[in-house]
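**Q** If you read the protein sequences in the order shown, they are chains A and B.
Here the first sequence is numbered in the numbering used here, starting from 1 and rising by one per residue.
Here the second sequence is numbered in the numbering used here, starting from 1 and rising by one per residue.
Here it is, the structure, as structure tokens.
2 protein chains.
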Amino acid sequence: MLTSLAICMLLNVCVGWGTNEDLIISILGRRNASQRKLIRQCYAETYGEDLLKALDKELSNDFERVVLLLALDPPERDAYLANEATKKWTASNRILVEIACTRSPKDMILAREAYHARFKKSLEEDVAYHTKGDFRKLLVPLVSSYRYSGDDVNLHLAKSEAKILREKITAKEYSCDDIIRILTTRSRAQINATLNQYKNEFGNDVNKDLKEDPKDEFLTLLRAAVKCLVYPEKYFEKVLRLAINKLGTDEGALTRVVATRAEVDMQTIKEIYEKRNSVPLDKAICKDTHGDYEKMLLTLIGHVEE
Amino acid sequence: MLTSLAICMLLNVCVGWGTNEDLIISILGRRNASQRKLIRQCYAETYGEDLLKALDKELSNDFERVVLLLALDPPERDAYLANEATKKWTASNRILVEIACTRSPKDMILAREAYHARFKKSLEEDVAYHTKGDFRKLLVPLVSSYRYSGDDVNLHLAKSEAKILREKITAKEYSCDDIIRILTTRSRAQINATLNQYKNEFGNDVNKDLKEDPKDEFLTLLRAAVKCLVYPEKYFEKVLRLAINKLGTDEGALTRVVATRAEVDMQTIKEIYEKRNSVPLDKAICKDTHGDYEKMLLTLIGHVEE
């Protein structure tokens, strides 16, 4: 019953694409992967074009972009966002770090598989080709690593590597082999243990010590990697905060975070957001966006209308 | 019928482990993965020890090592060999390059998964930790890459990257970012196209130009990577040739190549071996080995007794 009802709704959406936003919102807002797949098939059959191709066009509005991103499977969405980031890569672009450091190792492999299928190339190939120097040295191993995902921690190693980090940071050798090796290959649990040791031993959070020159784009990227690995929800809260507080709102960042985290850790991100900004995320979004785009974002973050 | 017969034989083998070599040879020689899995379970139940652990011990003879390697699944075997290579790593150790460059991208991911499961770490983590300088710069991306495995080739790119290779090799910048990037991230098909362009344009095989200093271990490793990527069977023929021709035979290399290639490309390797050495591989093995070890190798390479 439910399935045929869903299909009817989907057909309706596809036929009236662009004119039946409320229906799209109510379907995609429910975040059901198989329904999304249907939308995608429907889109291809109705428009003779793949959703991913449609995404590549200049989209007329933010609503369309969030709908298209949501209709993709998570690995395909990550592959798409990562590809977009390599093509538009600048030193201030944090999306590659965000994807490489917040997805689980398994999900990262799935995203790399989806990248092969879609772009007939590997993700690391494009990252290596489009970046240079220290940025390449950090980004290529970040997107290539397949970290161990268990909780096992070697405390002796954590101590010795905390010391290495301290030495290299004190000497301002931020892009040295050791810092890159530790951040790009160790498991999240191991990195967390190392950074705890760092704080115990040397007093500061490592990210505080990596703030020597706040305008240095490489240091900013290193800090983003650390934050994404250890406190992903705090990282996303900050991206949302900056996107919303920006004069004119950064819809690109807002759309990306909501579309990629809705089913993952949005609840925690919302809690951290409210604590940090003294206003609930849904209120902040209401203030900065409007129309169907606003409705879609609110549905996705689980806003309940009163 | 066949299955219960196999199980009976296996039980017999396990109970009489070490005293029933002919049976072991006839079973493992048949190269059936599910039978091998049974041997492994049997071994664990009978000896209270996992085969992988047994491999770590000082093995009393070459026969045992080939049996133990064969009883592992290919991804687990690769993980085991790679781990052994990182622990015993020296500049002349080519095993990491061999594994990273001759396995399919999918198989390499499976080996990395098996590495997690067995060693509670990632392969790239151990490689980065145990290597240094130029060797690390080459080996970490080699074992981390998940290359595109399709046949699509960009000829324009092949031309431009052949030119880059030529410039860097002429300037003797063998460990520069570009050479490493091209060899570690491009697909096999793309690398092959680039090396063809290199030969067309500049007259030599790239490996000939990488022979500036035949004693330079880094150059030797680069050449091994190129050969493994483009002509894996020729690479393995040479490893076998050197192992057999060596004063005293290099059983480690002989065992490894036979155990890992038996089900993959041994037929082609044998043909190349005979052409290059004017003697069939089985004859060469007969001359250099004896007893159960000899029988096992011959069974594995598909020697038919007359």
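Here a beta-carbon is modelled for each residue, glycine too, at the ideal position from N, C-alpha and C.
Thinking residue 191 of chain B and residue 230 of chain B are a contact (beta carbons under 8 angstroms), I'd like their distance in whole angstroms, please.
**A** About 7 angstroms; that satisfies the 8 angstroms criterion.
**Q** Could you name the residues of the same chain whose beta carbon sits closer than 6 angstroms to that of residue 232 of chain A, not counting the 5 residues immediately before and after it, in chain order?
**A** Within the same chain, residue 232 of chain A has close Cβ partners 102.
**Q** Threshold first: 4 residues or longer. Then list the alpha helix (DSSP H) segments lying entirely within the region 280-306 of chain B, N to C.
**A** Those alpha helix (DSSP H) runs which fall completely within the region 280-306 of chain B and span 4+ residues are 281-288 and 291-300.
**Q** Given a threshold of 16 other Cβ atoms within 10 Å of its Cβ, counted over all protein chains shown, does residue 4 of chain B qualify as buried or as exposed?
**A** In this predicted model, residue 4 of chain B has a pLDDT of only 47, less than 50, meaning its place in the structure is not dependable; the value taken from the coordinates is given anyway. Residue 4 of chain B is exposed by the Cβ-count criterion.
**Q** Quick one: which chain B residues come within Cβ less than 8 angstroms of residue 66 of chain A?
**A** Simply none; closest approach about 29 angstroms.
**Q** Quick one: what does DSSP say residue 70 of chain B is sitting in, helix, strand or coil?
**A** It is helical.
**Q** Look at residue 303 of chain A and residue 148 of chain B and say whether their C-beta atoms are less than 8 angstroms apart.
**A** No. Outside cutoff.
**Q** Taking Cβ positions, are residue 146 of chain B and residue 109 of chain B nearer each other than 8 angstroms?
**A** Going by C-beta atoms, residue 146 of chain B is nearer than 8 angstroms to residue 109 of chain B.
**Q** Listing by chain order, which chain B residues have their CB less than 7 angstroms from the CB of residue 185 of chain A?
**A** By Cβ distance, chain B contributes 122, 124, 125 and 128.
**Q** Do you know how far the Cα of residue 276 of chain B is from the Cα of residue 78 of chain A?
**A** C-alpha separation (whole angstroms): 48 angstroms.
**Q** Taking the continuous alpha helix (DSSP H) assigned at residue 61 of chain A, which residues delimit it?
**A** Premise fails: residue 61 of chain A is in no alpha helix (DSSP H) and is neither H nor E.
**Q** Residue 141 of chain A versus chain B: which residues are under 9 angstroms apart at the beta carbon?
**A** Neighbours of residue 141 of chain A on chain B, chain order: 124, 128, 140, 141 and 144.
**Q** Going straight from the alpha carbon of residue 357 of chain B to that of residue 235 of chain B, what length do you get?
**A** No information on residue 357 of chain B is available, as it lies outside the stretch 1 to 306 that chain B covers here.
**Q** Report the rounded CA-to-CA distance for residue 37 of chain A versus residue 292 of chain A, giving the unit in angstroms.
**A** Roughly 22 angstroms separates the two Cα atoms.
**Q** Any beta carbon of chain B sitting closer than 8 angstroms to that of residue 282 of chain A?
**A** It does not: the Cβ of residue 282 of chain A has no partner Cβ on chain B nearer than 8 angstroms.
**Q** Taking the alpha helix (DSSP H) that residue 228 of chain A belongs to, which residues open and close that run?
**A** From DSSP, the alpha helix (DSSP H) with residue 228 of chain A extends over 217-230.
**Q** State the start and end residues of the unbroken alpha helix (DSSP H) segment that holds residue 101 of chain A.
**A** Residue 101 of chain A -> alpha helix (DSSP H) spans 95-102.
**Q** Got a sec: which bits of the region 80-107 of chain A sit with their beta carbon under 7 angstroms from any beta carbon on chain B, in order along the chain?
**A** Against chain B - using a Cβ distance shorter than 7 angstroms - the region 80-107 of chain A contributes no residues.
**Q** Let's test the definition: count the other Cβ atoms within 10 Å of the Cβ of residue 225 of chain A and tell me whether it reaches 16, buried, or not, exposed.
**A** Residue 225 of chain A comes out buried.
**Q** Going along chain B in order, which residues have a C-beta closer than 9 angstroms to the C-beta of residue 148 of chain A?
**A** Going along chain B in sequence order, the residues near residue 148 of chain A (Cβ under 9 angstroms) are 115, 116, 119, 120, 121, 122 and 125.
**Q** Considering only the alpha carbon of each residue, which of B:219, B:264, B:273 and B:268 lies closest to residue 92 of chain B?
**A** It is B:219.
**Q** Using a 10 Å radius around the Cβ and a threshold of 16 neighbouring Cβ atoms, would you call residue 282 of chain A buried or exposed?
**A** Its Cβ being crowded by 16 or more others within 10 Å, residue 282 of chain A is buried.
**Q** Does chain B have any CB closer than 8 angstroms to the CB of residue 109 of chain A?
**A** Yes, residue 109 of chain A lies at the interface with chain B (some Cβ there is under 8 angstroms from its Cβ).
**Q** Any Cβ of chain B within less than 8 angstroms of the Cβ of residue 112 of chain A?
**A** Yes, residue 112 of chain A counts as interfacial toward chain B.
**Q** What residues in the region 153-177 of chain A have a beta carbon less than 8 angstroms from any beta carbon of chain B?
**A** The residues in question are 177.
**Q** Flag residue 136 of chain B as yes if its beta-carbon sits less than 8 angstroms from any beta-carbon of chain A, otherwise no.
**A** So, interface residue.
**Q** Counting only beta-carbon atoms, is residue 318 of chain B nearer than 8 angstroms to chain A?
**A** Outside the shown range of chain B (1 to 306) lies residue 318 of chain B, about which nothing can therefore be said.
**Q** Rounded C-beta distance between residue 153 of chain A and residue 193 of chain A? I'm assuming under 8 angstroms.
**A** Sure, about 5 angstroms apart at Cβ, within 8 angstroms.
**Q** From the DSSP output, in three-state form, read off residue 235 of chain A for me.
**A** Correct three-state label for residue 235 of chain A: helix.
**Q** When burial is assigned at 16 or more other CB atoms within 10 Å of the CB, is residue 87 of chain A buried or exposed?
**A** Exposed is the call here.
**Q** Short check: CB of residue 172 of chain A to CB of residue 212 of chain A, under 8 angstroms?
**A** Yes.
**Q** Roughly how many angstroms separate the alpha carbons of residue 188 of chain B and residue 142 of chain B, rounded to a whole number?
**A** Going from the Cα of residue 188 of chain B to the Cα of residue 142 of chain B covers about 13 angstroms.
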